[in-house]
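Here the structure is laid out as structure tokens; the discussion comes afterwards.
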Amino acid sequence: MDYFVGLNDPQQEAVRYLDGPLMIIAGAGSGKTKVLTTRIAHLIHKGIDPFQILALTFTNKAAREMKERVEKILDNNEARNLYIGTFHSVFARILRFEANHLGYPNNFTIYDSDDAKSVLKTIIHENNLDDKHYKPSLIYNRISSAKNQLISYIDYAKDFHFQQEDSINNRPMIASLFEFYVKRCFKNGAMDFDDLLYNMYILLKNLPDILNKYQHKFKYILIDEFQDTNPAQYEIIKLLSAVYKNICIVGDDAQSIYSFRGATIKNILQFKNDFSDVKVIKLEQNYRSTKSILHAANGVIIHNKIQIEKALWTENEEGEKIKLIKTKTDNEEGKLVSDTIAELKLRNHFRNRDFAILYRTNAQSRSFEESLRRLNIAYRIYGGISFYQRKEIKDFLSYLRVIVNPMDEENLKHIINYPVRGIGKTTIEKIIQFSNQENISFWESLSRIPEIGFRGMVKNNINEFVLMIKNLQAMLQKNNAYDIAMNMSKTTGLLKELFNDKSIEGVNRYDNIEELLNSIKEFTETQTDEGELQDKRLGSYLQQITLLTDADSDKEDQDVVKLMTIHAAKGLEFPCVFVVGLEEGLFPNIMATYNREDLEEERRLFYVAVTRAKLKLYLSHSNTRYHFGNLQQNDPSRFLDEIPENYIENSYASVNTWTTNVGKSIPKHNIKIPSSGVQSRMKSLEYPLTEFVLETNFIPDDPVKMKIGTEVEHQKFGFGRILNIEGSPSNLVATILFPNFGGEKKIILGYAKLRIIDNSKSKDIENNESIKRL
DNA sequence: TCGGAAATGTTTTTT
DNA sequence: ACATTTCCGA
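So the mapping is simple: the numbering used here equals the position in the first sequence, first residue as 1, plus 48.
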């Protein structure tokens, strides 16, 4: 067959080996997508019905691409019938169909993590617990991690490790909150992301008929990015593949970077033991990167202890050495990277789309945005707050969700008084009380207004609201998603409310809603594939929309520089890559430096970053960086030292701003008139040394006077004691213990706003020049 | 009960 | 630094 042309031997073998368990260890850039798609095409060519092929990917985008590529190879419509999607979207589809077996409505709502946290917040308050101690996000993470290990709230309460941890942290109520949360979600007819996996497992595990049905439906199963699956996903896969055992997993343990989401590298290491006669094929030839880049990557990953043995190699050119960019500040880092992009465009005729800037945390995008904008270079940031998380979009979708599933109390409460219609807090409280008392849902209570005792305006307002929702619900059967959304936006006054807001943000919000309406229209009008549900209704729309991410709305052909986290860059490749912020504490992130497992994952993350590059790779780090509005000093990342020296070029630095005259170029007293916010933050601090006196003019002392042991005061951190001073005379760095502000901090004395408090407290007004300047 | 001011939290990564 | 939440006065 001609689709074998261009495949190397192991790739061909991986495509041809159709029956029985197959594990493909596919190094970075080894053509694994090509193998997967060709394999699917080959299966279909061999007569396997596409309806019987299930392929699970990590992102919707990967799924879409895979389908397109199979279509291209086969050059017919057969690929349309494939079951390709993410774990979450495929399972959501199945659950939507089978929901009744679990006692859920078919139109169940999917809660994203914001929805889930907001439900948790309510529950925490209902239990009279402090949400400072029982932080919703923390509770959510605990519950999520339990569900990803298929641990129910009952098991959780008995689980030794969870209980021990909770008790050490003095949070004994988590198990109980877990129970409340699960029951509330169920009552609301809602599943969170983890439920899509957990409930899928329960469905298969507890209902043999259904298990049997899907086991036979999916005769051939393929799983991409297997190293990033969690135990729940793996157990489901084991169940589904138990009859035919035609399971093909593709993964690379060196690229496992999602353990924080419950993924475990154990799955890939365990696969060989869990299935018998596993065929293992390694794809070790890299087609993506230059020798320099690949060798550098290999040189780094070798520092990890836990890994499957493999030797990645390439026939590509040697290429240029990797370039190291050093800067003084984070802004300069942005500037230098942008300048380099501009220069490369000019000299080497690269286009914007050839560049990617990859960072560890979303917060790092700012300086690059600014500098790119200054040079008029088009860019796009991926991740961060996605379109669907915007307030106006959430409000809008809340309405649609309530129409589809009025049992969803969370969304119902969200919209009942928006736009304002005179149903206030106390009214809602009363309704909640009534529903608890009668053991009915919030929505059901709304139809029994006289019994609660509402009369007059309140009664009318509620009745009007209920009638409006009911009218919209009446459309559900006959009308498509767009018709209902359009109708809703008019009858609820939502569109009008936004239209009347003529502020810049208001106009923006209106535009966003328009865009959303357009996307709904598109959803109802596009011809779906036969394999998909031919379901243009609102419920179907809502279920898929929650599972979309930023990357999924990518307009492929835009000529823009791409900015994203390394996590988001997984699976992608770019001619020129900048990996930025390579500093201790940031990357490896401070949170990941406490044990070997986390550090190794961090190193794998770096490996992923490096292997995104095809031709040119730049690594940058900055001496100082703002964090929470404070200047911090960071050492270069240890990962930089791990790159073999002969592949990296150290000389690429902004020498003029870096090595020389650090002290001279910076004003000695970098004084800011304290903002009121800072003052009030100080007020709440208590420190035994001295009573804090509120001051409007905070004049720092000359750092020269500060010694180890000196007691100082910082505008934000409060009082502290200098534990250590190091560095060159022009660039002294002090380690200071701030008992009331999280302990030790490293502070550059040249920049710091510190006042000596054990000598004098004199308010020196003479230095006012620098105040005027600011 | 609303809007502005003050206080507080956030930054590790995401389906 | 920025966003969100809470506080407070009219």
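Backbone N, C-alpha and C fix where the C-beta goes; we use that ideal spot for every residue, glycine too.
Checklist entry - Of the choices Ile-433, Leu-565, Cys-296, whose alpha-carbon is the least far from that of Arg-87? => result Of the residues Ile-433, Leu-565, Cys-296, the one whose Cα lies closest to the Cα of Arg-87 is Cys-296.
Checklist entry - Would you call the CB atoms of Asn-334 and Ala-76 closer than 8 Å? => result yes
Item to check | Assigned exposure category for Asn-484 - 16 Cβ within 10 Å defines buried | outcome: exposed
Next on the checklist: By the three-class DSSP mapping on this structure, what secondary structure does Leu-168 have?
Outcome noted: helix
Checklist entry - The beta strand (DSSP E) spanning Ser-668 covers which residue range? => result Ser-668 -> beta strand (DSSP E) spans 661-670.
Checklist entry - According to DSSP, which residues form a beta bridge with Glu-697? => result Lys-371
Checklist entry - Once you ignore the five residues that flank Asp-240 on each side, which residues in its own chain have a CB closer than 7 Å to its CB? => result Tyr-159, Ala-164, Cys-233
Next on the checklist: Rounded to whole angstroms, what is the Cα-Cα separation between Thr-409 and Asn-527?
Outcome noted: Taking the straight line joining both Cα atoms gives about 43 Å.
Checklist entry - Can you give the Cα-Cα distance for Pro-498 and Gln-281, rounded to whole angstroms? => result 49 Å
Checklist entry - Distance, Cα to Cα, Asn-196 vs Asp-203? => result Roughly 13 Å separates the two Cα atoms.
Item to check | Complete runs of the alpha helix (DSSP H) confined to the region 523-599 [at least 4 residues] | outcome: 529-539, 542-548, 552-573, 586-593
Checklist entry - Quick one: is Gly-54 buried, meaning 16 or more other Cβ sit within 10 Å of its Cβ, or exposed? => result exposed
Checklist entry - How should Phe-52 be labelled, buried or exposed, when 16 other C-beta atoms within 10 angstroms of its C-beta is the threshold for buried? => result Looking at its Cβ environment, which holds fewer than 16 other Cβ atoms inside 10 Å, Phe-52 is exposed.
Checklist entry - Straight-line CA distance for Thr-594 to Leu-802? => result 48 Å
Next on the checklist: So for Val-726, helix, strand or coil by DSSP?
Outcome noted: With a pLDDT of only 33 at Val-726, under the threshold of 50, the placement of this residue in the model should not be trusted; the figure read from the coordinates follows. Looking at Val-726 - three-state DSSP - the assignment turns out to be helix.
Checklist entry - Roughly how many angstroms separate the alpha carbons of Ala-657 and Lys-618, rounded to a whole number? => result 8 Å
Item to check | Presumed contact (8 Å Cβ cut-off) between Leu-288 and Ile-258, rounded CB distance | outcome: Their Cβ separation, rounded to whole angstroms, is 11 Å, which puts Leu-288 and Ile-258 out of contact at 8 Å.
Checklist entry - Using DSSP with H/G/I as helix, E/B as strand and the rest coil, what is Pro-467? => result coil
Checklist entry - How would you label Asn-155, buried or exposed, when you count the other beta carbons within 10 angstroms and need 16 or more for buried? => result Flag for Asn-155 reads buried.
Checklist entry - So which of Asn-508, Lys-183, Asp-50, Leu-143 has the shortest CA-CA distance to Lys-120? => result Asp-50
Next on the checklist: Ignoring anything shorter than 4 residues, give me the alpha helix (DSSP H) runs that lie fully in the region 296-323, in order along the chain.
Outcome noted: 314-322
Next on the checklist: Using 8 Å for Cβ pairs, my map puts Val-348 next to Glu-650. What's the rounded Cβ distance?
Outcome noted: Between Glu-650 and Val-348 the Cβ distance is about 11 Å, and since that is not below 8 Å, they are no contact.
Item to check | Through-space distance from Glu-113 to Val-367, alpha-carbon basis | outcome: In the sequence as displayed, the identity of residue 367 is Gly instead of Val. Approximately 29 Å, taken between the alpha carbons.
Checklist entry - If you drop the 5 nearest sequence neighbours on each side, which residues of the same chain put their C-beta closer than 6 Å to that of Met-71? => result Ile-297, Phe-319, Val-326, Val-328
Checklist entry - Which residue from Leu-445, Ala-404, Glu-332, Phe-444 puts its Cα closest to that of Ile-425? => result Ala-404
Item to check | Short Cβ contact (8 Å threshold) for Leu-406 with Val-627 | outcome: yes
Item to check | Nearest-angstrom beta carbon gap, Arg-769 and Glu-759 [assumed within contact, 8 Å] | outcome: Correct: roughly 5 Å between the Cβ atoms.
Next on the checklist: Taking the beta strand (DSSP E) that Gln-680 belongs to, which residues open and close that run?
Outcome noted: For Gln-680, the enclosing beta strand (DSSP E) has its first and last residue at 678-681.
Item to check | Thr-641 beta carbon less than 8 Å from that of Leu-634 | outcome: no
Item to check | Burial state of Glu-477, where buried means 16 or more other Cβ atoms lie within 10 Å | outcome: By the neighbour-count criterion, in which a residue is buried when 16 or more other Cβ atoms sit within 10 angstroms of its Cβ, Glu-477 is exposed.
Next on the checklist: Rounding to the nearest angstrom, what Cα-Cα distance links Ile-250 and Asn-189 in this structure?
Outcome noted: 21 Å
Item to check | Contact under 8 Å by Cβ, Ala-238 with Thr-157 | outcome: yes
Item to check | Span separating the alpha-carbon of Ile-389 from that of Tyr-655 | outcome: 22 Å
Item to check | Simplified DSSP assignment, three categories, for Thr-81 | outcome: helix
Next on the checklist: I'd like to know whether the C-beta atoms of Leu-420 and Val-609 end up nearer to each other than 8 Å.
Outcome noted: Contact flag set, yes.
Checklist entry - With distances taken from CA atoms, which of Ser-446, Phe-208, Lys-353 is nearest Leu-590? => result Ser-446
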